[in-house]
Amino acid sequence: MGNKKPITPEQRKAAQKRLAILAGIAVTLLVINFVYQIWHRYAAPAPASTPLTQVKCQLDQHPCSVILPNNRAIELSIEPKPLSVGKPATFSVKLARLAAEKVSFYLLPLGVKDPQRQVLEATEKNGIYQAQTTLPENKLPNQQWMIMVVVKTANETVGVPFKFGAPLK
Numbered sequence: 120m121g122n123k124k125p126i127t128p129e130q131r132k133a134a135q136k137r138l139a140i141l142a143g144i145a146v147t148l149l150v151i152n153f154v155y156q157i158w159h160r161y162a163a164p165a166p167a168s169t170p171l172t173q174v175k176c177q178l179d180q181h182p183c184s185v186i187l188p189n190n191r192a193i194e195l196s197i198e199p200k201p202l203s204v205g206k207p208a209t210f211s212v213k214l215a216r217l218a219a220e221k222v223s224f225y226l227l228p229l230g231v232k233d234p235q236r237q238v239l240e241a242t243e244k245n246g247i248y249q250a251q252t253t254l255p256e257n258k259l260p261n262q263q264w265m266i267m268v269v270v271k272t273a274n275e276t277v278g279v280p281f282k283f284g285a286p287l288k
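Numbering (this note's numbering), first residue to last: 120 to 288.
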């Protein structure tokens with residue numbers, strides 16, 4: 120079979136030592152992966168944002184509230200009532216158990232081609248966050264709108280969509 124030299128006991132021990140080191144590294148990596156998987160599944164922090172919740176109420180008639188996890192709440196109201204296009208409207212938000220760093224409103228007409236989104240930054244006074252805008256002329260007889268209230272806290276960003284209608288004039 121050729122000129123193969125026999126393996127010496129020192130070579131055999133060196134090969135076994137290298138094999139043991141490689142096996143130890145493989146086992147260590149498997150244990151690290153297992154620990155990470157368990158930690159990630161059971162002890163990882165909650166996601167950085169709370170999922171959206173669709174609120175069903177008559178925002179154009181009365182304030183609407185949504186209860187979030189941990190008994191936190193967002194209440195939105197619009198003034199004046201009845202709401203009409205071409206006139207100023209004030210959007211007000213009251214928060215319960217949410218320490219907001221910033222509150223924004225995203226206003227979007229529904230069912231319109233190429234909708235113009237308005238972004239309104241709220242100002243805070245006495246615990247109530249408000250922003251004012253004028254609803255543009257409606258393209259539809261009973262235009263539906265969506266307003267997304269976005270509350271940014273130190274730990275998360277919470278977004279809640281509300282729908283409301285505004286008559287043609």
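All residues carry an ideal CB built from backbone N, CA and C; glycine is no exception.
task = Could you name the residues that DSSP lists as bridge partners for tyrosine 248?
result = Taking the first residue of the sequence shown as 1, we reach residue 248 at position 129. Answer is Val212 and Glu243.
ask   = Where leucine 149 and tryptophan 158 are concerned, what is the direct C-alpha to C-alpha distance, given to the nearest angstrom?
value = Taking the sequence shown and counting its residues from 1, the one referred to as residue 149 is at position 30. Taking the sequence shown and counting its residues from 1, the one referred to as residue 158 is at position 39. Each residue's Cα considered, the two are about 14 angstroms apart.
inquiry  = One question on the structure: do alanine 241 and serine 223 come within less than 8 angstroms of each other, judged by their Cβ atoms?
reply    = Here residue 241 refers to the residue found at position 122 when the sequence shown is read from its first residue. Here residue 223 refers to the residue found at position 104 when the sequence shown is read from its first residue. Their beta carbons are under 8 angstroms apart, which means alanine 241 touches serine 223 by this criterion.
inquiry  = So the candidates are Gln263, Ala192, Val204 and Glu129; which of them puts its Cα closest to the Cα of alanine 218?
reply    = As a first step, residue 218 is located in the sequence shown; it is residue number 99 there, counting from the start. Residue Ala192 is the option with its Cα nearest to alanine 218.
task = Determine the contact status of valine 277 and leucine 202, defining contact as a CB-CB distance below 8 angstroms.
result = Translated into positions along the sequence shown, residue 277 becomes position 158. Translated into positions along the sequence shown, residue 202 becomes position 83. No, the pair does not count as a contact, with Cβ atoms beyond the cut-off.
Which of helix, strand or coil DSSP assigns to isoleucine 126 = On the sequence shown, position 7 is the one that residue 126 refers to. Coil, per DSSP.
request  = Just the C-alpha distance for valine 238 and glutamate 220, rounded to the nearest angstrom, thanks.
outcome  = Numbered from its first residue, the sequence shown carries residue 238 at position 119. Numbered from its first residue, the sequence shown carries residue 220 at position 101. Spanning the two alpha carbons is a distance of roughly 17 angstroms.
Helix, strand or coil at valine 231 [DSSP, three-state] = Sequence index remark: in the sequence shown, residue 231 carries index 112 (1-based). Three-state result, valine 231: coil.
key: Contact set for serine 184: own chain, Cβ-Cβ below 6 angstroms, skip 5 residues either direction   = Here residue 184 refers to the residue found at position 65 of the sequence shown. Counting only Cβ-Cβ distances below 6 angstroms, and skipping sequence neighbours, we find Ala192 and Glu194.
ask   = So the beta strand (DSSP E) serine 196 belongs to, where does it begin and stop?
value = By one-based count along the sequence shown, residue 196 stands at place 77. Per DSSP, serine 196 belongs to the beta strand (DSSP E) from 191-198.
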